[in-house]
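As structure tokens, the structure follows; a few thoughts come after it.
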Amino acid sequence: MLAYALRRLLAALATLAGVLTIVFLLLAMAPGDPAALAARSGGARPAAPEAIAAYRRLHGLDQSLPVRYLSWYARALRFDLGRSFQDGREVRARLAEVLPATLLLNGCALAAALLIAVPAGVAAARRPGGRFDRGSGALFDVLFSAPSFVLGLLLLLVFSGWLGWTPFFSGPELGFRGIVLPVATMGLGALAFLSRFVRTCVRQALEDPAALAGRARGEGETAAVFRALRRSAGAFSAFAAILVPSLIAGSVLVERLFAWPGAGRLLADGVFARDVPVVLGTTLASGLAVVASSTAADLFSAWLDPRLGESRSGGAREGGDAG
Amino acid sequence: MRRLPGAAFSAAAGLLAIVLVSLLAPLVARSRPWVENARGETVLAAPVPWDPDAVDLDERLRRPSLVHWLGTDELGRDVLSRLLHGARVSVGAGAVASGVALVVGSLLGALAGLSGGRTDRMVLFGIEVIQALPALVLVAAAAAFLPPSFLLAAFLIGLTGWTDSARIVRAEARRLREAPFVSAARAAGAGGGRLLFRHVLPHALPPALATAPYVLGAAVLTESGLSFLGLGTPPPSASWGRSLADGRDLVLTAPWCVIPPAVALVLLILAARRLGDAVTATGRSRMTSS
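Taken in sequence, the protein lines are chains A and B. Here the first sequence stands for residues 2 to 324, numbered as in my numbering. Here the second sequence stands for residues 140 to 429, numbered as in my numbering.
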């Protein structure tokens with residue numbers, strides 16, 4: 002188990018190194034002169050050559066590409082992501098400022114989705130092909146296919162426009178009314194994903210010989226369902242890790258739609274302002290989140306089922322892909 | 140030909156209809172009439188006689204009517220015409236991106252599976268790294284530094300979407316590497332390229348092609364998000380994601396600007412995914428029954 006954990010952590014670090022390289026390639030790909038762009042910083046006139054040169058020295062842009070790569074790498078390892086072109090503040094500080102709002106949004110959305118997805122998935126799995134199974138399946142199919150910002154726009158239309166229950170703009174400071182629409186938007190996307198998965202897991206477990214043995218011992222259906230849920234915990238964690246990239250993409254869009262002050266909006270605003278350090282910092286943070294969650298999921302699965310840790314290739318990863 | 144189940148048929152028909160719309164949009168929705176007489180008078184107008192970019196500030200935010208079937212937007216442009224032309228962006232980007240993804244994925248996957256060893260590890264590592272970054276984030280970050288262009292955005296989306304087909308083709312190629320006919324070809328002196336293109340790829344490709352509808356759906360999803368963020372295809376060309384981004388401020392006053400592109404986008408992605416479900420299910424049942 003320990004050897005497996007070490008190997009898995011090492012692989013995660015290697016992946017992170019790859020992510021860092023890709024992010025740097027993005028930076029190097031940027032055409033034009035970021036220094037000229039930044040030194041101008043919103044002004045209409047092009048900046049003076051001295052200002053550009055000074056800026057270049059300040060941000061180390063006067064060095065060659067390999068040197069910049071190494072120094073950028075070294076700084077990124079210390080999570081020193083440079084300063085925003087827009088306001089000169091540290092990207093690290095700006096990220097720390099907006100991350101709580103994003104975590105709040107995603108946490109609430111996931112909790113709400115789980116509260117609905119587990120009972121719905123279990124109910125669908127108990128009677129495969131039944132009315133509830135078909136109805137919820139069709140509904141979730143549509144939800145699953147709708148881009149998050151489309152769901153959000155339709156929710157805005159209904160609840161802010163026609164019913165007038167919720168404000169048009171959202172933010173954590175507005176309390177429940179300010180948070181409910183963005184959370185519902187993110188939650189509906191995750192709900193479709195999760196409930197399909199719960200249904201598959203529970204159905205498989207109910208058809209398992211263990212379920213038959215349980216019934217032979219006189220166990221009720223509720224006990225069988227709970228066992229099924231418990232048994233799929235490993236697969237569930239792998240699945241939750243798969244959900245992370247789509248949650249991040251969803252955050253970018255939903256936060257922009259609702260003007261939610263989170264990390265997704267920081268990225269979108271940075272993209273618009275061509276703010277290289279902010280874009281790279283947020284990209285890096287999203288890569289970090291994905292790698293961390295998939296590593297955590299693998300370690301959790303291996304802890305639940307030690308057999309996974311013994312296989313050399315890491316069985317949890319393969320299992321996760323199948324889900 | 141094998142009969143497709145009903146769900147697959149309706150999904151395929153829906154997808155085909157949207158593709159047809161995107162192909163025919165310049166013919167159906169244009170202000171230039173279909174038939175003119177010698178004096179330049181209209182004999183037969185196009186069914187939707189509005190250009191998608193024709194601004195008419197006197198006709199702003201009109202409700203749906205017989206003149207503008209789906210109403211007009213904040214610049215007086217015909218919503219229906221923009222909807223039809225917008226299909227070109229979504230379908231075109233989806234097609235280009237999934238094409239790029241399938242080509243890159245199958246080549247890298249086949250190469251990795253066939254050669255094994257270090258090449259295999261490198262490709263697998265590349266897949267891990269690409270998958271560690273959400274497609275939308277990666278494409279948006281790249282698009283931020285590049286000139287806005289339809290083709291570029293579609294290519295970038297394709298370059299983030301090749302990982303699944305690479306995995307599938309790699310698994311097939313690994314299986315085929317030891318197959319008798321591949322060994323025979325190798326013994327007969329076939330080189331790496333010939334083995335790859337003549338012997339392995341033709342067999343490894345079908346399972347990857349079966350996932351093409353999924354890849355298409357994912358690409359359309361990413362493109363719409365990119366357009367929604369204001370990146371990708373530059374204005375004024377009509378695109379569903381951009382219409383929806385503009386629609387944020389209109390959702391209270393003019394919902395007719397928002398609902399058509401929203402429904403169209405969901406239908407396109409739904410049709411692609413349903414078709415993917417059906418094709419993979421058919422493939423699975425065929426494999427188990429034979």
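By construction, the Cβ of each residue, glycine as well, lies at the ideal position given by its N, Cα and C atoms.
Asked                                                                                                                        : Found
7 Å CB neighbourhood of B:P400 in its chain, flanking five on each side removed                                              : L222, G225, W379, S382 and L383
Backbone secondary structure at A:R84 - three-state DSSP                                                                     : strand
Continuous alpha helix (DSSP H) stretch holding A:T223: start and end                                                        : E222 to R232
The alpha helix (DSSP H) enclosing A:L192, as first and last residue numbers                                                 : F177 to L207
C-beta neighbour in chain A for B:I408, strict 8 Å                                                                           : yes
Closest residue to B:A403 among B:H338, B:L241, B:V359 and B:Q270 (Cα-Cα distance)                                           : B:V359
B:L370 versus B:V230 - alpha carbon distance                                                                                 : 17 Å
Amino acids of chain B, ordered along the chain, whose beta-carbon sits closer than 9 Å to that of A:S1                      : Coverage of chain A is limited to positions 2 through 324, which leaves residue 1 of chain A absent and any answer about it impossible.
Beta-carbon proximity of A:L156 to A:T201, cut-off 8 Å                                                                       : no
Beta-carbon contacts of B:A138 that lie in its chain and below 6 Å, excluding the five residues immediately before and after : Residue coverage of chain B in this structure runs from 140 to 429, which leaves residue 138 of chain B outside it and unanswerable.
Continuous alpha helix (DSSP H) assignments of at least 4 residues falling wholly in the stretch 53-139 of chain A           : 66-78 and 92-127
Within chain B, partners of A:D88 - CB distance below 7 Å                                                                    : Residues of chain B passing the Cβ test: none, with the nearest at roughly 18 Å.
Helix, strand or coil at A:D142 [DSSP, three-state]                                                                          : helix
Cβ of A:S233 within 8 Å of any chain B Cβ                                                                                    : no
Euclidean distance between Cα positions of A:G153 and A:R79                                                                  : 37 Å
Short-range partners of chain A found in the stretch 250-279 of chain B, where Cβ spacing is below 9 Å                       : F264, G265, E267, V268, I269, Q270, A271, L272, P273, A274, L275, V276, L277 and A279
Chain A residues whose Cβ lies nearer than 8 Å to that of B:A281                                                             : L27 and M30
Best match in A:R178, A:A241 and A:L96 for proximity to A:F301 [C-alpha to C-alpha]                                          : A:A241
Where the stretch 269-287 of chain A meets chain B: residues whose CB sits under 8 Å from a CB there                         : A269, G271, V272, F273, R275, V277, V280, L281, T283, T284 and S287
Expected contact under 8 Å - CB spacing of A:L21 and A:Y74 to nearest Å                                                      : 6 Å
Three-way DSSP call (helix, strand, coil) for B:S428 in this model                                                           : Because B:S428 sits at a pLDDT of 48, beneath the cut-off of 50, its placement in the model cannot be relied upon, and the point is left open.
Bridge partners - B:A267, DSSP secondary structure assignment                                                                : One point to set straight first is that residue 267 of chain B is Glu, not Ala, in the sequence displayed. B:E267 pairs with nothing; no bridge assigned.
A:A260 versus A:R266 - alpha carbon distance                                                                                 : 7 Å
Within 8 Å, strictly: CB atoms of A:A297 and B:V276                                                                          : no
Beta carbon of B:L149 nearer than 8 Å to that of A:P148                                                                      : Checking the sequence shown, residue 149 of chain B turns out to be Ser, not Leu. Going by C-beta atoms, B:S149 is not nearer than 8 Å to A:P148.
Straight-line gap, A:S314 to A:F86 (C-alpha atoms, nearest Å)                                                                : For A:S314, the predicted model reports a pLDDT of 46, less than 50, meaning its position is unreliable and no value from the coordinates is stated.
Chain A contacts made by the stretch 337-364 of chain B, where a contact means CB separation under 7 Å                       : L360, S363 and G364
Partners in chain B for A:T16, counting only beta-carbon separations shorter than 8 Å                                        : F264, E267, V268 and A271
Residue environment, A:A234, which counts as buried when at least 16 other CB atoms sit within 10 Å                          : exposed
Contact set between B:V397 and chain E, taken where Cβ atoms lie within less than 7 Å                                        : Looking for chain E here will not work: the only protein chains present are A and B.
Which of helix, strand or coil DSSP assigns to A:V20                                                                         : helix
Any chain B beta carbon closer than 8 Å to A:G19                                                                             : yes
Complete runs of the beta strand (DSSP E) confined to the stretch 212-286 of chain B [at least 3 residues]                   : none
Neighbourhood of B:A274 by C-beta, 8 Å cutoff - its chain only, sequence neighbours within 5 removed                         : I296, T299, G300, A357 and T361
Given B:V242 as reference, the closest of B:R412, B:T350, B:G256 and B:L368 once Cα atoms are compared                       : B:T350
Where B:R221 meets chain A, residues with beta-carbon distance less than 9 Å                                                 : Within 9 Å Cβ-Cβ: nothing; B:R221 doesn't reach chain A, min ~16 Å.
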